[in-house]
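Down below is the structure, laid out as structure tokens.
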Amino acid sequence: MSTPPPPPPPPHDHAVATAPATHRRWFSRGRQRTITIVLLAVLLAATVTSTALWIVNYQSAQSWVAKADDLQAELDDALVDVERAQDATASKDQRVRELTEQVEALDADASSVEALRLELESRASELDEREKTVTTTEERIAASTITEGTWTVGTDIAPGTYRTTAAVGGECYWSIERSGSNGSDIVENDIVTGGFPTVVLSEGQDFTTNRCGSWAKQ
Numbered sequence: 001m002s003t004p005p006p007p008p009p010p011p012h013d014h015a016v017a018t019a020p021a022t023h024r025r026w027f028s029r030g031r032q033r034t035i036t037i038v039l040l041a042v043l044l045a046a047t048v049t050s051t052a053l054w055i056v057n058y059q060s061a062q063s064w065v066a067k068a069d070d071l072q073a074e075l076d077d078a079l080v081d082v083e084r085a086q087d088a089t090a091s092k093d094q095r096v097r098e099l100t101e102q103v104e105a106l107d108a109d110a111s112s113v114e115a116l117r118l119e120l121e122s123r124a125s126e127l128d129e130r131e132k133t134v135t136t137t138e139e140r141i142a143a144s145t146i147t148e149g150t151w152t153v154g155t156d157i158a159p160g161t162y163r164t165t166a167a168v169g170g171e172c173y174w175s176i177e178r179s180g181s182n183g184s185d186i187v188e189n190d191i192v193t194g195g196f197p198t199v200v201l202s203e204g205q206d207f208t209t210n211r212c213g214s215w216a217k218q
């Protein structure tokens, strides 16, 4: 005799048994989707943030590059100004050196001129002294020299001994007279035809010389 099969489980019990498994699968899938969405959102936010930061950094970099270019341009201009100033300073220094050399040369010339002036003054003083000496000598010679004519001793000529300055030739006539006699009171006279005649004259006498040349006081 065979055993009959067991009866199938009641429907209500099957539904109750399978519901928790289905609910767990749905919850697991929903959780995965949520996590995925969250991850995507985080990734998107990170991407947006990175992009924004890159844009900001890029703009900042561009701004810094522009500022750097401006600063470089200003630096170049400043360097040009410095070079010009240095050139101008060098030119001024050169001009100062040239002017200093000119001043030194002028000082040297002035010193030379001053030395020359002093030398000329010294020479002029010497010439003045010589001129005075020559004048005195000339005056003395003139006062002690007798030429052609009649002269009064003590008034026109000084008393003393006189001798012709050159040898006489031809007929040299000389005469000593008493002053105030108009030649009528002859003290001494002579006619000389050669040599160097000599006479002695005293005050109170007149001396006449003719064709004898000059007489010099001895």
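Per the UniProt record's numbering, residue 1 is the first one in the sequence shown, and the count goes up by one each step.
Even glycine gets a Cβ: it sits at the ideal position worked out from N, Cα and C.
| message | Under DSSP, the beta strand (DSSP E) around residue 254 begins and ends at which residues? | response | This structure leaves residue 254 out entirely; the chain is present only between 1 and 218.
| If T208 sits next to W174, beta carbons under 8 Å apart, how far is it from one beta carbon to the other, in whole angstroms? | Counting from one through the sequence shown, the residue named residue 208 turns up at place 208. Counting from one through the sequence shown, the residue named residue 174 turns up at place 174. Correct: roughly 7 Å between the Cβ atoms.
| Inter-residue spacing [alpha-carbon to alpha-carbon] between K107 and A78 | Taking the first residue of the sequence shown as 1, we reach residue 107 at position 107. Taking the first residue of the sequence shown as 1, we reach residue 78 at position 78. Note that residue 107 is Asp in the sequence shown here, rather than Lys. Cα to Cα, the separation comes out at about 42 Å.
| request: Helix, strand or coil for V80, going by three-state DSSP, please let me know. | output: Numbered from 1 along the sequence shown, position 80 holds the residue referred to as residue 80. DSSP places V80 in helix when its eight states are reduced to three.
| query | How long is the line joining the alpha carbons of L53 and T34, rounded to whole angstroms? | reply | Your numbering for residue 53 matches position 53 in the sequence shown. Your numbering for residue 34 matches position 34 in the sequence shown. Those two C-alpha atoms are separated by around 28 Å.
| query | Going by alpha carbons, who is nearest to P159 out of E131, L201, A216 and V192? | reply | The sequence position of residue 159 within the sequence shown is 159, counting from 1. Checked all of E131, L201, A216 and V192; the closest Cα to P159 is L201.
| task | Answer yes or no: does any C-beta atom of chain B fall closer than 8 Å to that of G213? | result | Looking for chain B here will not work: only one protein chain is present.
| field | Helix, strand or coil at N57 according to DSSP, with G and I counted as helix | value | Counted from its first residue, the sequence shown places residue 57 at position 57. Note: N57 maps to helix in three-state DSSP.
| task | Please report the Cβ distance between I166 and G213, rounded to the nearest whole angstrom; I am assuming they are in contact, meaning their Cβ atoms lie under 8 Å. | result | Residue 166 sits at position 166 when you count from the first residue of the sequence shown. Residue 213 sits at position 213 when you count from the first residue of the sequence shown. For clarity, residue 166 is Ala in the given sequence; the question names Ile instead. A166 to G213, Cβ: 5 Å. Contact.
| message | Using CA atoms only, rank isn't needed, just tell me which of A73, A110, D109 and C172 is closest to D195. | response | As a working note, residue 195 is residue 195 in the sequence shown. A quick correction: the sequence has Gly, not Asp, at residue 195. Comparing Cα-Cα distances from G195 to each of A73, A110, D109 and C172, the minimum goes to C172.
| said: Quick check on DSSP: helix, strand or coil for D109? | reply: Within the sequence shown, the letter at position 109 stands for residue 109. Three-state DSSP puts D109 in a helix.
| request: Output the distance between the C-alpha atoms of L116 and K132, rounded to the nearest integer angstrom. | output: Locating residue 116 in the sequence shown gives position 116, where the first residue counts as 1. Locating residue 132 in the sequence shown gives position 132, where the first residue counts as 1. Using only the alpha carbons, I get a separation of about 24 Å.
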